[in-house]
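Below is one structure, written out as structure tokens; comments come after it.
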Amino acid sequence: MPNQADGALLVQVAQWGSTMGIEEAQQAIWSDDFDPETATTDDVLVSRVLNWGETIGTLTKNGLLDTDLVLDWLWMSGLWSRVGPAARKLREEHGVPELYENFEALATRQV
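Per the working numbering, residue 53 is the first one in the sequence shown, and the count goes up by one each step.
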């Protein structure tokens, strides 16, 4: 059950997202012109969504932010469906399967 500390941290995460331009990044990945299969982490907007999602995933994984509260707020599985292919390419390219694993784990909880 989320508490007031979770709510306060969620607001801080929302503010951080706004400061980093997460709205612009989300608009880009939801655009009709965006192709998840050809997207890469070289695109700063894709990278921005991945890093934001990984941070939120890490906070929830470690019990610092309530998972149910986050999943009520954000469509993490939808975001992952758009940028996950770019993350998987980067994992393969560098041989590091842990890249963005917390984002992916959180997203799969929502399906």
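Where is the CB? At the ideal position from N, CA and C, for every residue including glycine.
Model, not experiment: these values are computed from the prediction.
Under the three-state reduction of DSSP, which class applies to residue i: helix, strand or coil?
i                 : result
valine 122        : helix
serine 133        : helix
methionine 128    : helix
asparagine 154    : helix
phenylalanine 103 : Note that residue 103 is asparagine in the sequence shown, not phenylalanine. Residue state, collapsed to three classes: helix.
leucine 111       : helix
leucine 61        : helix
leucine 142       : helix
Rank the options by C-alpha distance to the C-alpha of residue i and give the top, closest one.
i              : options                           : result
serine 133     : Thr112, Asp87 and Met72           : Asp87
threonine 107  : Met128, Asp124 and Thr90          : Met128
asparagine 114 : Gly147, Gln67 and Ala157          : Ala157
serine 99      : Gly136, Trp125 and Ala60          : Gly136
threonine 90   : Phe155, Gly147, Ala139 and His146 : Ala139
aspartate 58   : Arg143, Leu142, Ser83 and Leu117  : Leu117
glutamate 75   : Tyr152, Gly109, Leu131 and Leu151 : Leu131
leucine 142    : Ser70, Asp84 and Asp95            : Asp95
Start-end ranges of the alpha helix (DSSP H) lying completely within the segment 68-97, minimum 4 residues: 74-82
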